[in-house]
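**Student:**
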Amino acid sequence: MQRPGKTAPILVVNAGSSSIKFAVFGDGSEARLTGIADGIGGAAQIRVGDQTRKAELPDHDSALSAVIEALDAHDLPITSFRAAAHRVVHGGTDLTAPAKVTPEVHQQITDCIPLAPLHNPHNLSAIDALARLAPDLPQFASFDTGFHASMPAVETHYAVPSDVTAQGIRRYGFHGISYASLVRLLPEVSGQPLPRRVLAFHLGNGVSACAINNGQSVATTMGYSPVEGMTMGTRSGDIDANAVLRLAQQTGIEATTKVLNHQSGLHGLSGGLSDMRALLDSKTPESRFAVAHFCHSAVGHGGALIATMQGCDAIAFTGGIGENAAPIRAAIMDGLAWLGLAYDTAANDAGQTALHAKGSNLTAWIVPAQEERMIAADAQQLLDGADG
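Numbering follows the numbering used here, in which position 9 of the sequence shown is assigned residue number 45; successive positions increment by one, without gaps.
(1) Go ahead and pull the three-state DSSP assignment for residue 417.
(2) I'd like to know whether the C-beta of residue 321 is nearer than 8 Å to at least one C-beta of chain B.
(3) Between residue 341 and residue 235, which are expected to be in contact by the criterion C-beta below 8 Å, what is the C-beta distance as a whole number of angstroms?
(4) Identify the continuous alpha helix (DSSP H) that holds residue 126 and give its terminal residues.
(5) Alpha carbon to alpha carbon, what distance is there between residue 50 and residue 288?
(6) Quick check on the DSSP output: the alpha helix (DSSP H) that includes residue 338 runs from which residue to which?
(7) Measure the beta-carbon distance from residue 48 to residue 359 and round it to whole angstroms, keeping in mind my assumption that it falls under 8 Å.
(8) Expressed to the nearest angstrom, what Euclidean distance is found between the alpha-carbon atoms of residue 154 and residue 311?
(9) Output the distance between the C-alpha atoms of residue 417 and residue 411, rounded to the nearest integer angstrom.
(10) From 315, 365 and 119, pick the residue whose C-alpha is nearest to that of residue 385; which is it?
(11) Got a sec? Which residues, its chain only, sit under 6 Å from residue 252 by beta carbon, not counting five neighbours each side?
(12) What are the start and end residues of each continuous beta strand (DSSP E) run of 3 or more residues lying completely inside the segment 378–419, in chain order?
(13) Please list, in chain order, all residues of the same chain as residue 144 whose beta carbon is under 8 Å from its beta carbon, the five residues on each side excluded.
(14) For the segment 331–350 and the segment 223–243, state whether three or more C-beta atom pairs, one from each stretch, are separated by less than 8 Å.
(15) Taking the alpha carbon of residue 61 as the reference point, which residue from 40, 117 and 78 has its own alpha carbon closest?
(16) Using the three-state DSSP reduction, which class does residue 42 fall into: helix, strand or coil?
(17) Does the beta-carbon of residue 200 have 16 or more other beta-carbons within 10 angstroms, so that it is buried, or is it exposed?
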């Protein structure tokens with residue numbers, strides 16, 4: 037069978053525990069089609085474009101099969117794709133750049149499962165299912181940890197014995213695809229060269245910040261796992277290790293894992309709300325405190341990251357909260373006013389790209405999260421390089 041040419045589309049796949057998001061990218065920067073197979077293993081549905089229907093999706097195989105059928109119905113048969121490109125959460129210390137999924141790379145992703153037990157298995161499920169359903173389709177992977185491979189050893193190492201570090205207990209950082217996309221997009225949306233020192237906030241259900249110096253990560257808030265760092269939607273962020281040990285002793289490992297990953301953060305502080313829109317609309321003291329805690333955490337971690345860069349030339353917000361929650365951006369920028377940051381209230385309220393006011397010592401920007409576009413671009417670059 038003849039391989040599709042260089043202009044053929046790329047299918048981007050982002051698999052989670054109960055969902056598979058997908059996007060189709062052609063020559064342009066905008067996705068031609070997006071969708072999601074949601075509720076895998078339960079009350080499932082599939083959305084393609086603006087059309088949604090219920091579906092029987094007991095596992096990732098059936099979900100990807102439904103996605104392939106839906107694409108075919110939109111005149112995008114799986115044989116028309118140049119490649120599939122996946123988001124993989126953890127690449128460990130070896131997979132630090134986008135890669136074609138070969139047997140060796142597949143094994144390396146598998147070897148990282150102990151480092152990301154809540155994520156890598158689902159990423160692999162999608163890769164394996166697609167390999168069975170479309171065995172001739174080349175597959176590629178971009179890694180959320182990869183962007184942070186440039187961090188110095190003083191950032192990646194915990195102060196523990198070397199035999200503990202040798203077990204993979206170190207800081208990796210996450211949201212790397214988002215930050216790589218931000219580095220690429222900020223000059224596009226600003227019309228200016230990339231500032232030398234950028235403090236980037238990825239604010240969504242998962243939350244992190246990154247110190248980006250000359251386009252490279254030099255420090256970030258997430259560490260061994262996506263639980264470390266800032267206050268998040270349902271994750272705790274920083275918590276004393278002895279407090280975690282006490283919880284584990286009292287309630288067990290499984291219950292402690294559930295608390296720290298799914299019942300903490302905004303959800304835990306507010307008494308059940310993790311959606312920032314709902315929290316901002318709520319007038320309860322618990323909700324107000326949760327929002328204040330979120331912003332306080334962002335400012336504190338942001339200040340530490342600025343210190344690692346010995347200053348800051350620009351601040352950038354991305355992610356669902358970063359792009360859409362003006363009060364959160366305002367609170368964080370107010371907390372960083374000591375930098376000489378001044379922002380335009382009207383621009384912030386309107387969600388404009390440029391947030392800084394005239395005379396500000398540094399610039400501030402909203403950069404749309406385009407992780408899928410970045411994953412497609414990674415695969416495109418590898419394909420073009422292989423084709424010569």
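C-beta: ideal position from N, C-alpha, C; glycine also.
**Tutor:** Considering the structure as presented:
(1) helix
(2) Of the protein chains in this structure there is only one, and it is not chain B.
(3) 6 Å
(4) Segment: none, residue 126 is in no alpha helix (DSSP H) and carries neither H nor E.
(5) 31 Å
(6) 321–345
(7) About 20 Å; that fails the 8 Å criterion.
(8) 21 Å
(9) 10 Å
(10) 365
(11) 186
(12) 399–402
(13) 127, 128, 130 and 131
(14) yes
(15) 117
(16) coil
(17) exposed
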